[in-house]
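Notes for the one structure printed next.
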Amino acid sequence: MILDHAPEKIHRYNKLCVHYNLVANAVYTARNNLNNLFGNEYLPFLVAALISFDLGRMMGQGAESRYDTERGGFAERLKEKLEIIQPNLQHLTNVRLSEVILDEEQQANSVVAYRKLASGGHNGLNQTGDEFHVGATKLLHFINPGLFLIIDSNTASAFRRSHNVSYRNTTQPGYSGDKYVNCLKFSKADIAEYGVDNFRALELGMPEARIYDKLSFASGSNWF
1157 MILDHAPEKI HRYNKLCVHY NLVANAVYTA RNNLNNLFGN EYLPFLVAAL
1207 ISFDLGRMMG QGAESRYDTE RGGFAERLKE KLEIIQPNLQ HLTNVRLSEV
1257 ILDEEQQANS VVAYRKLASG GHNGLNQTGD EFHVGATKLL HFINPGLFLI
1307 IDSNTASAFR RSHNVSYRNT TQPGYSGDKY VNCLKFSKAD IAEYGVDNFR
1357 ALELGMPEAR IYDKLSFASG SNWF
């Protein structure tokens, strides 16, 4: 299970993933000092997070394309996406994973935001026109790191083995918004079973979804 050997998994992740932690913590600090997480002020931090979390290859070449919202590149497309999803997520920006009530409305809002961020095509965030599923979860996470998980092939593997989420055992496991919400439900249940206070104590001051991300990544990477 994902929370088995939790302290050891956190220690192992922090030892091997210093580069991720440095950027994530800096973005969290910036986030806490901003009021509008969907505007131009926070957008550069989202871009930096995506680059540092291994998605630069999907964003096109050149700093102007990635950071300047008036150059017709990635930044401009991201700006448009953030404006579109703000009505779906504004009320969820300060909700924690252990406390979220995933009723029908909140599930629907999460799925809609996921799908809008992940969609491919001319206005999609992936420069190739392909879909942007992993990137969508990383954007959701940095909009609210207390609630939204990052799902990549490693964490998908952990959810498949621990909770029978119907991800395939490949590098393209079949991501979807519905599966993503199921992962949120399972992670919330895991935290409740572990004990919310005990879970938060695994890494004091760290956003809840970030703690769970480290555990699921370590689990899916077969470090234990």
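Counting from 1157, one number per residue, gives the positions in the sequence shown under the numbering used here. Quick reminder that beta carbons are idealized off the backbone N, C-alpha and C, glycines included.
Counted within 10 angstroms of its Cβ, other Cβ atoms place residue i as buried (16 or more) or exposed
i            : result
residue 1360 : exposed
residue 1365 : buried
residue 1213 : exposed
residue 1174 : exposed
residue 1163 : exposed
residue 1188 : exposed
residue 1374 : buried
residue 1279 : exposed
residue 1257 : exposed
7 Å Cβ shell around residue i - same chain, five flanking residues per side excluded
i            : result
residue 1271 : 1333
residue 1269 : 1241, 1244, 1245 and 1296
residue 1200 : 1223
residue 1237 : 1272, 1273 and 1281
residue 1343 : 1253, 1305 and 1368
Nearest residue (CA-CA) to residue i, options the options
i            : options                   : result
residue 1255 : 1371, 1352, 1373 and 1157 : 1352
residue 1259 : 1174, 1274, 1337 and 1349 : 1337
residue 1289 : 1299, 1308, 1341 and 1302 : 1308
residue 1183 : 1230, 1362, 1372 and 1159 : 1362
residue 1335 : 1302, 1344, 1323 and 1346 : 1323
residue 1160 : 1318, 1211 and 1267       : 1318
residue 1302 : 1181, 1283, 1313 and 1350 : 1181
residue 1251 : 1349, 1340, 1354 and 1276 : 1340
residue 1209 : 1349, 1294 and 1248       : 1294
residue 1176 : 1207, 1285 and 1283       : 1207
Cβ shell of residue i (< 6 Å), same chain only, five flanking positions each side left out
i            : result
residue 1379 : 1168
residue 1274 : 1287, 1288, 1289 and 1292
residue 1313 : 1376
Contacts around residue i, its chain only, beta-carbon distance under 8 Å, and the 5 residues preceding and following it disregarded
i            : result
residue 1196 : 1225 and 1235
residue 1198 : 1186, 1187, 1190 and 1192
residue 1348 : 1254
Rounded distance between the beta-carbons of residue j and residue i, thought under 8 Å
i            : j            : result
residue 1369 : residue 1306 : 5 Å
residue 1218 : residue 1311 : That belief does not hold up - the Cβ atoms of residue 1218 and residue 1311 are roughly 30 Å apart, past 8 Å.
residue 1372 : residue 1315 : 7 Å
residue 1229 : residue 1239 : About 17 Å separates the two Cβ atoms, so there is no contact after all.
Closer than 7 Å: residue i CB and nearest the ligand GTP heavy atom
i            : result
residue 1269 : Ligands displayed in this structure: none; no statement on the ligand GTP is therefore possible.
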